[in-house]
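These notes are about the structure you will find just below.
Chains as they are written, first to last, in our numbering: chain G, 1 to 168; chain Y, 1001 to 1201.
Rendered as structure tokens:
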């Protein structure tokens, strides 16, 4: 083990985070390296200084009561049997929304088709009525008796005029 | 020298006893949950305090953490991982609240509306002179920790002050063990650089 590797492991060594084998290697290097031993001492001194001079907060008396009041009124442990992870809830919500939109669109299409059928059948019915309506001939001098009836086709006659024909 | 020798656990409760309390709390036993609170609340409070640098915010977030923990306790699969899970939730609350703004610099002596100190400090001072010097050095250490980059501050606090193992810290912050080991080492070097001139005091 060289000094660079030892220096990198010193904090973990101080914290007892190295394996037994690695700790032994560091310990062995420290035994023969005054520089790394000094580095270890310096790190230890810093750790002690920080720990000694770290301001610590104490819980305020009655702090538990505040927590307790909230967990007994607001919350209860979630029942595991029906608990659904949040990501599944999101996916299920998206699916439900898509289903609602899909069904709505199908219903809209259905209504449109029904309206078109109704319109076509009405149109056919209207045309049939028009075709069956009586054709009335009148001279144009007398009053048109069907003037206000939209279902009666009115044709004027132009007796005696050879230059005028019906439809012009 | 090594914190890992401090069995049973840095929280001072044996794992079997803690597992039993967790099992009972999962079934809705409030008294068991109170015991868990009494074991861990102070640690969580101080961790959050280091992160947000405000006693009243730390107290508020600690309360939020323990309400959320009770609510989600049923989802904890491995009871032996309770402590890192707890700190992870606390950390999430810290980041939720402080994502868009830098940590507060409210004074430790902040008073509430009744003129009382919001959160009590542990009193370890002996005489006025000593107390004055201790206070000054406490300010130095607090400033040094608060001045660390966020990434280093949380791993430093969790390792040097809350004495979590590196694996537990990796679980809390969601990073790999080698990355945690490197960051803790760099954080310690940074702290040493900043407190060097005070070491002789």
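Every residue gets a Cβ at the ideal spot worked out from N, C-alpha and C, and that includes glycine.
These numbers were taken from a predicted model, which means no experiment stands behind them.
- Taking a C-beta cut-off of 8 Å against chain Y, the contacting residues of the stretch 11-38 of chain G are 11, 12, 14, 15, 16 and 17, listed in chain order.
- Per DSSP, the unbroken alpha helix (DSSP H) holding residue 31 of chain G starts and ends at 20-32.
- The DSSP-derived three-state label of residue 106 of chain G is helix.
- When 8 Å is used as the limit between beta carbons, residue 64 of chain G is near these residues of chain Y: 1034, 1037, 1038 and 1041, in chain order.
- With contact defined as three or more Cβ pairs closer than 8 Å, the stretch 1147-1156 of chain Y and the stretch 1190-1199 of chain Y are in contact.
- When rounded, the separation of the alpha-carbon atoms in residue 112 of chain G and residue 119 of chain G is 11 Å.
- Our two residues, residue 35 of chain G and residue 5 of chain G, have alpha carbons roughly 13 Å apart in a direct line.
- Contact of residue 1141 of chain Y with chain G is assigned, a C-beta pair being separated by under 8 Å.
- Counting of Cβ neighbours within 10 angstroms places residue 127 of chain G among the exposed residues, the total staying below 16.
- Taken through DSSP and simplified to helix, strand or coil, residue 1162 of chain Y comes out as coil.
- From the listed residues Y/1077, Y/1097, Y/1073 and Y/1144, the smallest Cα separation to residue 1030 of chain Y is found for Y/1073.
- Residue contact with chain Y for residue 68 of chain G: present (Cβ-Cβ distance below 8 Å to some residue of chain Y).
- Taking the Cα of residue 3 of chain G as reference, the smallest distance to any Cα among G/102, G/132 and G/38 is reached at G/38.
- Sequence-ordered contacts of the stretch 1059-1081 of chain Y with chain G read 1059, 1062, 1063, 1066, 1067, 1070, 1071, 1072, 1073, 1074 and 1075 [C-beta pairs closer than 8 Å].
- Residue-level contact by beta carbon fails for residue 1015 of chain Y and chain G, as no gap is shorter than 8 Å.
- Think of a sphere of 8 Å around the beta carbon of residue 1023 of chain Y: no beta carbon from chain G falls inside it, the nearest being about 11 Å out.
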